[in-house]
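Residue numbers (full-length UniProt numbering): 1 to 574.
Where a beta carbon is used, it is the ideal one built from N, C-alpha and C, also for glycine.
The structure presented is a predicted model; accordingly, all values stated were derived computationally and were not measured.
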């Protein structure tokens with residue numbers, strides 16, 4: 001069946017050669033008056049390349065232009081040997097080249113900006129998750145306009161009607177990405193218009209909705225307010241409505257018995273089939289962080305009371321669930337190893353009926369005596385024991401992890417440096433799926449072969465999350481060491497998207513070069529190491545109310561378990 005595109009009208013601005021000015025078309029939604037921009041040429045420039053014409057801001061098919069297009073900019077000459085300042089200067093130049101403009105104003109950065117890439121696929125679009133490190137880099141540099149514009153323009157896209165195969169997802173869904181297109185207006189060659197064309201997953205590989213986009217949007221919105229001091233954006237009625245729509249979508253009742261967010265495979269940074277369907281850690285950490293950020297930004301009003309109560313209840317339950325059931329260290333692993341199964345009881349120790357034979361052989365030798373981590377996923381009779389970097393690092397940043405767990409996660413990173421960092425930070429997950437396991441779980445995905453891409457590949461963009469986590473726990477020397485490792489080769493390798501092999505020795509076989517979030521992640525890490533206090537715009541501090549509730553829940557759980565063992569003569573087995 002044909003996949004239907006977004007059916008709501010796009011955002012439009014028309015150029016009239018006769019009057020030599022931009023004008024709004026009747027019946028078309030205008031650009032927001034709160035985002036004024038200077039008059040500009042109808043052909044938007046591709047960062048570092050030719051003018052984009054009829055198809056998109058970075059598209060391949062140019063449209064007729066009212067004025068001659070400028071000559072393509074020459075790619076900058078890159079030296080083979082660079083000092084630290086040379087690398088940073090080059091990174092800033094590349095980041096600025098990647099900026100996309102709409103109605104004359106900067107609205108985001110494209111995913112990759114390789115002038116030699118003849119087939120960019122969707123890497124010439126502005127992705128919500130990819131822009132976050134770019135936005136943080138600009139905020140730390142004092143350039144607030146692009147982040148403000150990005151927040152408000154993506155907010156407009158949220159309210160569009162979305163349809164795929166005659167089905168519409170819930171309101172509040174943020175797009176995975178969007179593209180600025182320049183097209184002839186209604187077949188009139190004398191008038192062109194700029195159009196924001198979003199993708200909500202209906203054109204994505206696998207047709208997966210981007211669950212993490214709305215969560216990252218809330219996190220970036222809070223960071224913008226904290227860094228710029230401009231709270232007027234988050235206090236706007238349309239922004240408050242946008243926050244509530246995302247929360248209502250995430251907090252909606254369903255069949256699930258757990259406080260964690262239930263999602264399909266490929267709905268986050270790992271956007272291909274990798275066996276993370278269910279309750280992946282990355283989504284839970286971002287969910288927890290977004291709930292805290294939203295609670296901080298919501299304006300008190302009668303209509304929000306029920307939503308805030310539901311939010312607070314979910315925060316407490318989610319915090320307890322992740323800390324209690326996702327945590328794994330040597331002691332916990334030994335406990336799982338001795339689990340009894342098929343327990344039918346309210347006081348069962350093995351609540352999820354995990355079979356000890358699930359423990360993979362690699363884990364027995366890999367888990368260090370000091371340190372621990374949150375497992376990747378938990379469902380009935382299933383634990384995903386893989387280490388997922390983003391989920392663990394953001395658990396530290398968001399205070400989903402306790403202070404003890406946060407230190408233990410970084411202890412494990414140090415103890416397993418050769419596995420998780422090696423020649424380029426940082427493994428997206430460890431270990432890789434291989435042989436029959438790779439075939440069954442990924443569907444024999446040729447892009448996700450062992451130690452490549454999302455299957456154990458190394459992603460330099462994770463530097464910025466590592467840096468924020470390390471600074472929060474007062475262990476910035478770990479991040480500094482990782483940045484030093486990256487700095488040795490990342491610029492000479494032309495800023496790849498990811499690296500392959502167990503020790504990250506090779507540039508990824510399908511890795512895009514001049515990947516924007518690789519560049520931005522490096523810059524954010526450098527900026528935060530120079531000014532550690534600025535990382536507070538991303539932290540969520542431990543909430544006293546949640547902490548007290550957690551202590552009560554833990555005490556009640558332990559007391560119930562002790563009473564249950566005394567009161568029952570035997571455990572009921574079926």
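Checklist entry - Closest by CA to residue 202, which one among 227, 267, 150 and 148? => result 267
Note to self: Classify residue 327: buried if its beta carbon has 16 or more other beta carbons within 10 angstroms, exposed otherwise.
What the structure shows: buried
Q) If residue 286 and residue 216 are in contact, beta carbons under 8 Å, what's the gap, nearest whole angstrom? A) 7 Å
Within 8 Å, strictly: CB atoms of residue 137 and residue 520: yes
For residue 102 and residue 124, I'd like the C-alpha separation in whole angstroms. 14 Å
**Among 291, 265, 284 and 471, the one whose alpha carbon lies nearest that of residue 375** = 284
Check: If you run the structure through DSSP and keep just helix, strand and coil, what is residue 113?
Finding: coil
Check your understanding: From 409, 454 and 400, pick the residue whose C-alpha is nearest to that of residue 543; which is it?
Key -> 400
Check your understanding: Would DSSP call residue 92 helix, strand or coil?
Key -> helix
Residues bridged to residue 383 (per DSSP):
378
Quick one: is residue 282 buried, meaning 16 or more other Cβ sit within 10 Å of its Cβ, or exposed? buried
Q) Hey, residue 518 and residue 497: beta-carbon distance below 8 Å or not? A) yes
Practice problem: Could you tell me if residue 197 is buried or exposed, where buried requires 16 or more neighbouring beta carbons within 10 angstroms of its beta carbon? | Solution: buried
inquiry  = For residue 222, tell me which candidate among 135, 85 and 471 has the shortest Cα-Cα distance.
reply    = 135
Where residue 100 falls: helix, strand or coil (DSSP): strand
- Query: Going by DSSP, what residues sit across from residue 127 in a beta bridge?
  - Reply: 177
* To do: Look up residue 423 in the DSSP assignment and say whether it is helix, strand or coil.
  => coil
Who are residue 499's beta bridge partners in DSSP?
458 and 507
Checklist entry - From the DSSP output, which residues share a beta bridge with residue 105? => result 102
Since residue 172 contacts residue 246 with CB under 8 Å, what's their CB separation in whole angstroms? 5 Å
- Beta carbon of residue 273, beta carbon of residue 443: below 8 Å? yes
ask   = For residue 113 versus residue 140, is the C-beta spacing smaller than 8 Å?
value = no
**DSSP bridge partner residues for residue 452 (one or two, in chain order)** = 455
Item checked: DSSP bridge partner residues for residue 328 (one or two, in chain order) -> 373
Could you tell me how far apart the beta carbons of residue 100 and residue 132 are, in whole angstroms, since I believe they sit closer than 8 Å? Not really, about 15 Å apart at Cβ, beyond 8 Å.
Original post:
Pick from 175, 177, 192 and 176: whose alpha carbon is nearest that of residue 183?
Top reply: 192
- [ ] Give the range of the alpha helix (DSSP H) segment to which residue 251 is assigned.
- [x] 237 to 251
Let me know if residue 148 comes out buried or exposed under the rule of 16 or more other beta-carbons within 10 Å of its beta-carbon. buried
What's the C-alpha gap between residue 414 and residue 421?
-> 9 Å
Helix, strand or coil at residue 293 [DSSP, three-state]: helix
Exercise for the section: State buried or exposed for residue 404, treating a residue as buried only when at least 16 other CB atoms are found within 10 Å of its CB. Expected result: exposed
Delimiting residues of the alpha helix (DSSP H) encompassing residue 196
Run containing residue 196: none in the alpha helix (DSSP H); it sits in the beta strand (DSSP E), 188 to 199.
Check your understanding: Is residue 255 buried or exposed, if buried means 16 or more other CB atoms sit within 10 Å of its CB?
Key -> exposed
Would you mind sorting residue 611 into buried or exposed? The rule is 16 or more other CB atoms within 10 Å of its CB.
Here the chain covers residues 1 to 574 and nothing more, so residue 611 does not appear.
Does the distance from the C-beta atom of residue 465 to that of residue 390 stay below 8 Å? yes
Output the distance between the C-alpha atoms of residue 27 and residue 503, rounded to the nearest integer angstrom.
With a pLDDT of 37 at residue 27, under the threshold of 50, the predicted position of this residue should be treated as unreliable, and no value is reported.
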